[in-house]
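Asker:
Numbering (the working numbering), first residue to last: 336 to 600.
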């Protein structure tokens with residue numbers, strides 16, 4: 336019988352590419368997204384693997400208690416999750432004092448509370464069985480603060496440290512936890528950031544495809560690697576704060592953000 340993987344943010348980008356990789360390995364899929372685009376990608380996934388089952392779940396993961404609702408629904412249907420991938424996310428841009436709190440509160444709910452609750456609920460079941468894999472998608476943003484994207488960078492730092500901690504807790508249990516830290520990637524994420532960054536990023540030599548990031552993350556997850564930083568450039572960027580004063584790194588990031596912002600004008 337095929338095992339089942341659950342992916343959030345699966346309608347496009349890294350989430351969809353991970354779904355394709357899992358389909359090729361004959362995993363049944365539970366795909367979660369708020370966009371109805373999700374329904375359009377299912378036929379392509381089933382063409383890749385005609386024997387798998389694909390369950391779409393259209394829901395807004397920024398709602399409180401949505402993790403419990405999803406867990407209960409799957410439990411009721413007898414669907415056992417062997418792989419959990421918390422991939423959904425979005426960002427915004429601007430000085431913290433001026434940005435929209437409603438947007439930021441939804442971001443924190445998604446990146447921190449929903450992700451944490453999903454992890455707790457499904458991890459408990461995995462530990463009972465003695466098998467399972469969890470991958471939380473953070474970012475190279477997790478390794479340093481960023482003026483003008485303060486909430487996004489801070490929330491990804493939470494994902495990184497939280498994932499590393501529980502990865503250590505579950506060592507030797509048959510369950511592994513991986514945190515994927517992509518750099519600049521072509522996904523729908525940029526379209527949600529009101530900074531006009533898509534054009535800038537597509538011209539950048541550090542730009543990476545969602546497919547490449549997904550393949551790297553998939554291999555890391557399957558091998559049980561804890562922290563997966565895609566590409567050497569991103570690894571160096573993530574470790575700058577080890578060698579430079581933190582205020583220097585923060586100022587460097589600020590200059591990058593200001594350059595991105597200037598690309599709008």
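Every residue gets a Cβ at the ideal spot worked out from N, C-alpha and C, and that includes glycine.
Here the structure is a predicted model, which is why all the values come from computation and not from measurement.
(1) Under DSSP, the alpha helix (DSSP H) around residue 407 begins and ends at which residues?
(2) Answer yes or no: do residue 393 and residue 370 have a C-beta to C-beta separation smaller than 9 Å?
(3) Give me, in chain order, the residues of the same chain whose beta-carbon lies closer than 6 Å to that of residue 488; leave out the 5 immediate sequence neighbours on both sides.
(4) Run the CB neighbour count on residue 419, radius 10 Å, all protein chains shown included, and call it buried at 16 or more, exposed below.
(5) Leaving out the 5 sequence neighbours to the left and right, which residues in its chain are closer than 6 Å to residue 384 when beta-carbon positions are compared?
(6) Which two residues bound the contiguous beta strand (DSSP E) that contains residue 391?
(7) Taking residue 336 as the reference, which of 388, 379, 343, 484 has the closest Cα?
(8) Can you give the beta carbon distance from residue 437 to residue 427, rounded, assuming they're within the 8 Å contact cut?
(9) Return the bridge partner residues of residue 368 from the DSSP annotation.
(10) Please state the DSSP three-state secondary structure of residue 470.
(11) On a Cα-Cα basis, can you pick out the residue from 341, 416, 390 that is closest to residue 463?
(12) Are residue 494 and residue 562 closer than 9 Å when you measure CB to CB?
(13) Using DSSP with H/G/I as helix, E/B as strand and the rest coil, what is residue 433?
(14) So what's residue 505 in DSSP terms, helix, strand or just coil?
(15) Is it buried or exposed, residue 378, if we count other Cβ atoms within 10 angstroms and call 16 or more buried?
(16) Give every residue of the same chain whose Cβ lies closer than 7 Å to the Cβ of residue 504, excluding the five residues on either side of it in the sequence, and list them in chain order.
(17) Using alpha carbons as the reference points, say which of 544, 469, 376, 444 lies closest to residue 502.
(18) Taking the alpha-carbon of residue 558 as reference, which of 514, 350, 408, 542 has the nearest alpha-carbon?
(19) Am I right that residue 512 and residue 449 are in contact with their C-beta atoms under 8 Å? What's the rounded C-beta distance?
(20) Tell whether a beta-carbon distance below 9 Å holds between residue 516 and residue 486.
(21) Below 9 Å between beta carbons: does that hold for residue 442 and residue 431?
(22) Could you spell out the range, first to last residue, of the alpha helix (DSSP H) harbouring residue 349?
(23) Taking just the CA atoms, how far does residue 560 sit from residue 340?
(24) On the criterion of 16 or more Cβ atoms from any shown chain inside 10 Å, does residue 444 qualify as buried, or is it exposed?
(25) Write down every uninterrupted run of the alpha helix (DSSP H) in the stretch 479 to 504 whose length is 4 residues or greater and which is fully enclosed by it, in chain order.
(26) Exposed or buried, what is residue 386 when buried is set at 16 or more other beta-carbons lying within 10 Å of its beta-carbon?
(27) Return the bridge partner residues of residue 421 from the DSSP annotation.
Answerer: This is what the structure holds:
(1) For residue 407, the uninterrupted alpha helix (DSSP H) run begins and ends at 401 to 411, by DSSP.
(2) Yes, these two residues count as a Cβ contact at 9 Å.
(3) A distance below 6 Å between beta-carbons, with the five flanking residues on each side excluded, links residue 488 to the following residues of its chain, in chain order: 476, 480, 481.
(4) Per the 10 Å Cβ criterion, buried.
(5) Taken in chain order, the residues that qualify are 358, 361.
(6) Taken as a continuous stretch (DSSP letters only), the beta strand (DSSP E) holding residue 391 covers 389 to 393.
(7) Of the listed residues, the one whose Cα sits closest to residue 336 is 388.
(8) Their Cβ separation, rounded to whole angstroms, is 11 Å, which puts residue 437 and residue 427 out of contact at 8 Å.
(9) According to DSSP, which records beta bridges pairwise, residue 368 is partnered with 393.
(10) Of the three classes helix, strand and coil, the one that applies to residue 470 here is strand, per DSSP.
(11) Closest by C-alpha distance to residue 463, out of 341, 416, 390, is 416.
(12) Contact flag unset, no.
(13) In the structure shown, residue 433 sits in coil (DSSP, three-state: anything other than H, G, I, E or B).
(14) Correct three-state label for residue 505: coil.
(15) Classification for residue 378: exposed.
(16) Within the same chain, no Cβ atom closer than 7 Å to the Cβ of residue 504 is found once the five residues on either side in sequence are excluded.
(17) Measuring from the Cα of residue 502, the nearest candidate turns out to be 469.
(18) Nearest option by C-alpha distance: 514.
(19) No, residue 512 and residue 449 are not in contact; Cβ-Cβ is about 17 Å, not under 8 Å.
(20) It is not a contact, given that the beta carbons lie outside the stated cut-off.
(21) Cβ distance not < 9 Å, so residue 442 and residue 431 don't count as in contact.
(22) Counting along the chain, the unbroken alpha helix (DSSP H) around residue 349 starts and ends at 348 to 359.
(23) In a straight line, the C-alpha of residue 340 is about 18 Å away from that of residue 560.
(24) It is buried - the Cβ of residue 444 has at least 16 other Cβ atoms within 10 Å.
(25) Correct list: 485 to 504.
(26) So residue 386 ends up on the exposed side.
(27) Under DSSP, the beta-bridge partners assigned to residue 421 are 471.
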